[in-house]
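Trainee: Chains as they are written, first to last, in my numbering: chain R, 28 to 394; chain L, 28 to 394.
The C-beta atom is built at its ideal place from N, Cα and C for all residues, glycine as well.
This structure is a prediction, so every number in the text was calculated from the model and none was measured.
Take a look at the following structure, please.
2 protein chains.
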Amino acid sequence: MTWGVDNLPYGVFSGPGERPRVGVRYEDKVLDLAPALHDEVFAAPSLNPFMARGRAAWHDTRTLIRNKLTGDLSVTERHLIPLDQVRLHLPFEVADYVDFYCSIDHASNIGKILRPGSEPLQPNWRHLPVGYHGRSGTVVVSGTPIRRPQGQLGQGRFGPCQKLDIEAELGFVVGVPTELGSPAGAFEDHVFGVTLVNDWSARDIQAWEYVPLGPFLGKSFATSVSPWVTPLEALPRVPGRAQAPQPPAYLRRQGDWGLDIAMEVLLNGETVSRPPYSGMYWTPDQMLAHMTVNGASLRTGDLFASGTVSGPERDERGSLMELTWNGTDPIKLSGGETRAFLQDGDTVTIRATAGGLTLGEVSGTIG
Amino acid sequence: MTWGVDNLPYGVFSGPGERPRVGVRYEDKVLDLAPALHDEVFAAPSLNPFMARGRAAWHDTRTLIRNKLTGDLSVTERHLIPLDQVRLHLPFEVADYVDFYCSIDHASNIGKILRPGSEPLQPNWRHLPVGYHGRSGTVVVSGTPIRRPQGQLGQGRFGPCQKLDIEAELGFVVGVPTELGSPAGAFEDHVFGVTLVNDWSARDIQAWEYVPLGPFLGKSFATSVSPWVTPLEALPRVPGRAQAPQPPAYLRRQGDWGLDIAMEVLLNGETVSRPPYSGMYWTPDQMLAHMTVNGASLRTGDLFASGTVSGPERDERGSLMELTWNGTDPIKLSGGETRAFLQDGDTVTIRATAGGLTLGEVSGTIG
């Protein structure tokens, strides 16, 4: 069963006139955790207080919920609320937001598009997971309308973005913080779970602004995340992609943190891409180790995303920039429509499954 | 008088065993605002709730405090606590942290150092205030020890940073938020005040990592701010530096937001530079307009910094990278000592004055 007891992602919900609080999705319902588990940590309007409790508590809580849902439902039933009676909110309070660039196929495609004829990957790319900080205050929950940004599109050109794009990504949510000056320990001791991320991108704004300090307004107008955070414990793990050269000691993999997640990008309901997460070059344990090797501290609610997930095939690319080769080769939709970049009214939905589980979806409409 | 009634910066303090709360500095004392003004907004451990009240409240509160301090002190006196009996904390909860690159002398120096023989300024530099997001979770208050970061210093080179540097900057603190999708209004309706910022920088880590997504671990290990936030209202304003070409309409200046602030950088107590803030190319009203033109929302506690403040003269440069020309021309200290970059045990202090006011200082010791 797709949203069954092997899944059990966490989110924040409210009924009409109610205060937002933490729940777990089960089938087409949400389990109201504070009364169901008699634990006020779930009465908070975000997952942060619960995530701060740490790995043992995450595991015990998951076991408890699973037992309640597989045992006598007569008591628990009253705390199961049909999804169509609630609204879903941003599931966690975002502390810092970091975006990586971990797909070798994505980075190679971008290199080929922007610097044709030269080596697609920059000299540092195979030695460290390249990343940067994004704007945490504009991370929004799936369903939030996405306003087309305006800005400088080049020298002397100001107006609405003409190259509005998506990036299909996986996001990792930090539960357990660290002290300033101390690199993070084991990946699974800090990271609570995953969300789907659409890192909306204004390619024209980005191209003009990004030298030398990186993306800024081309990204900061909105980043959408899925309403459900799937616990790390639920995810099927596979070995990470082979790496050459061998990364330095602090980036040695901590185990099999390649994740067998199949993503799907839909534009106005039509599937336009199926990016495979398992082919990512840098694994999330390496992202976390890199992000903290300089002593930068973690906070509960930190979000770090993988960067665009792209596979080697054309129909596995996680951005329109790659799918349409910077707009030069538009994709064909049914009814004779084509798209180079997003038009007003377009809806983009990113879905993902992991074995028999679903990670749900993150969706947004331009306008 | 330096810390007199024309200054009155806000901070967060506590005595031994007490909860941190908001105060105003007056002479060598701090006025405990919650009891002095009978207003619980000042019992919070950060300036954020007060800053969210907006410009009219900021002005009225300042007037009220000034009246209390210039009137009959017999009532107020009991709420004035000697500074040496309190500890100062991070004065506000940092939401997003953005760092700009607004000094034309700084940007030109960096261009000459890193790309000798080519045009020092990138093509976009005179058209927009270049900026990027930094890590808000590692913004610390003056006095916090700064651990030398480790990381990749180049291909195959891992270890402690060998080019640890400072950047003397001015930071602007946002009080009044905006909604997603709506650019900010008038500068003085949103920005509450200023802090001094030392944007510690690991030049070797930064040089290897920053292509193409900008600075990341070279900056994220620590950013220090002064404990006192000086209200915008207190600062002497001057016209901004002339700009050519004329920036686009959304970047037209809103008034005289050049600030007549004289900065001073001290290394182990010796003055090594005196950067003049008034010569900055992009003014803070332009930074705010740029940061939000794409619809990115503001939150109370957002911090945006000017980037390194450098003047045209050698002894006006705000970073060691410029002062020592990337380490090739070390500065000479008394007793025959020299410095290319920072050594363990070094203390850097950045001070600033604005007319008869002081903005205090931000200080940190490596170790």
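(1) Name the two residues that bound the continuous alpha helix (DSSP H) containing Leu315(L).
(2) State buried or exposed for Pro258(R), treating a residue as buried only when at least 16 other CB atoms are found within 10 Å of its CB.
(3) Would you call Gly391(R) buried or exposed, if buried means 16 or more other Cβ atoms sit within 10 Å of its Cβ?
(4) Could you pull out every residue in the same chain whose Cβ sits closer than 7 Å to the Cβ of Glu343(R), ignoring the five residues on either side in sequence?
(5) I need the straight-line Cα distance from Asp123(R) to Ser247(L), nearest angstrom please.
(6) Grouping DSSP H, G and I as helix and E and B as strand, with all else coil, what is Ala379(R)?
(7) Jot down the residue ranges of each uninterrupted alpha helix (DSSP H) in the region 213–291 of chain L, minimum 4 residues, whole runs only, in chain order.
(8) For Gly372(L), decide whether its Cβ has a neighbour in chain R, counting only Cβ atoms nearer than 8 Å.
(9) Counting only beta-carbon separations shorter than 8 Å, does Pro143(R) have a partner in chain L?
(10) What does the Cβ neighbour count give for Pro172(L), buried or exposed, with the cut at 16 atoms within 10 Å?
(11) At 4 residues or longer, and completely inside the region 69–109 of chain R: list those alpha helix (DSSP H) runs for me, N to C.
(12) Can you grab the Cα-Cα spacing for the pair Val57(R) / Gly328(R), in whole Å?
(13) Could you name the residues of the region 92–120 of chain R whose beta carbon sits closer than 7 Å to any beta carbon of chain L, in the order they occur along the chain?
(14) I think Pro239(L) touches Gln149(R), with their Cβ atoms under 8 Å apart; what is that distance to the nearest whole Å?
(15) Quick check: is the beta carbon of Asp231(L) nearer than 8 Å to any beta carbon in chain R?
(16) Kindly indicate if chain R contains any beta-carbon less than 8 Å away from that of Phe185(L).
(17) In the structure shown, what three-state DSSP assignment does Arg52(L) receive?
(18) Ignore the nearest five residues each way along the sequence and tell me which others in Leu207(R)'s own chain have a CB closer than 6 Å to its CB.
(19) For chain L, is any of its Cβ atoms less than 8 Å away from the one on Arg279(R)?
(20) Counting contacts by CB-CB distance shorter than 8 Å, is Asp9(R) in contact with chain L?
(21) Do the region 50–65 of chain R and the region 96–112 of chain R touch if we need at least three Cβ pairs shorter than 8 Å?
(22) The region 316–341 of chain L: which residues have C-beta closer than 8 Å to a C-beta of chain R, in chain order?
(23) Taking just the CA atoms, how far does Asp59(L) sit from Glu45(L)?
(24) Taking Val121(R) as the reference, give the member of Asp132(R), Ser101(R), Asn151(R), Met78(R) with the closest Cα.
(25) CB-CB under 8 Å to Gly372(L), same chain, minus the five flanking residues each way: which ones, in chain order?
(26) Tell me the DSSP bridge mates of Glu196(L)?
(27) To the nearest angstrom, how far is the alpha carbon of Ala289(R) from that of Ala381(R)?
(28) Does Pro274(R) pass the burial test, meaning 16 or more other C-beta atoms within 10 Å, or should it be called exposed?
(29) Out of curiosity, what's the CA-to-CA distance linking Ala316(R) and Leu223(R)?
(30) Looking at the C-beta of His133(R), does it have a partner C-beta in chain L at a distance below 8 Å?
(31) Under a three-way DSSP split, which group does Lys359(L) fall into?
(32) Within 8 Å, do at least three Cβ pairs link the region 180–195 of chain L to the region 163–172 of chain L?
(33) Is it true that the region 278–287 of chain R meets the region 60–75 of chain R, where meeting means three or more beta-carbon pairs spaced less than 8 Å apart?
(34) For a contact meaning CB atoms closer than 7 Å, what does Thr165(R) contact in chain L?
(35) For Thr376(L), count neighbouring Cβ atoms within 10 angstroms of its own Cβ and tell me buried if that reaches 16, exposed if not.
(36) Do Phe119(R) and Ser73(R) have their beta-carbon atoms positioned less than 8 Å apart in this structure?
Mentor: Quick answer:
(1) 311–319
(2) buried
(3) buried
(4) Ser300, Arg301, Pro302, Pro303, Ser337
(5) 11 Å
(6) strand
(7) 214–217, 230–236
(8) no
(9) no
(10) exposed
(11) 75–78, 82–97, 100–103
(12) 22 Å
(13) none
(14) 6 Å
(15) no
(16) yes
(17) strand
(18) Ser324
(19) no
(20) Outside the displayed span of chain R (28 to 394) sits residue 9(R), for which this structure offers no information.
(21) yes
(22) His317, Met318, Val320, Asn321, Gly322, Ala323, Ser324, Leu325, Arg326, Asp329
(23) 12 Å
(24) Met78(R)
(25) Thr392, Ile393, Gly394
(26) Val224(L)
(27) 6 Å
(28) buried
(29) 21 Å
(30) no
(31) strand
(32) no
(33) no
(34) Leu207, Ala323, Ser324
(35) buried
(36) yes
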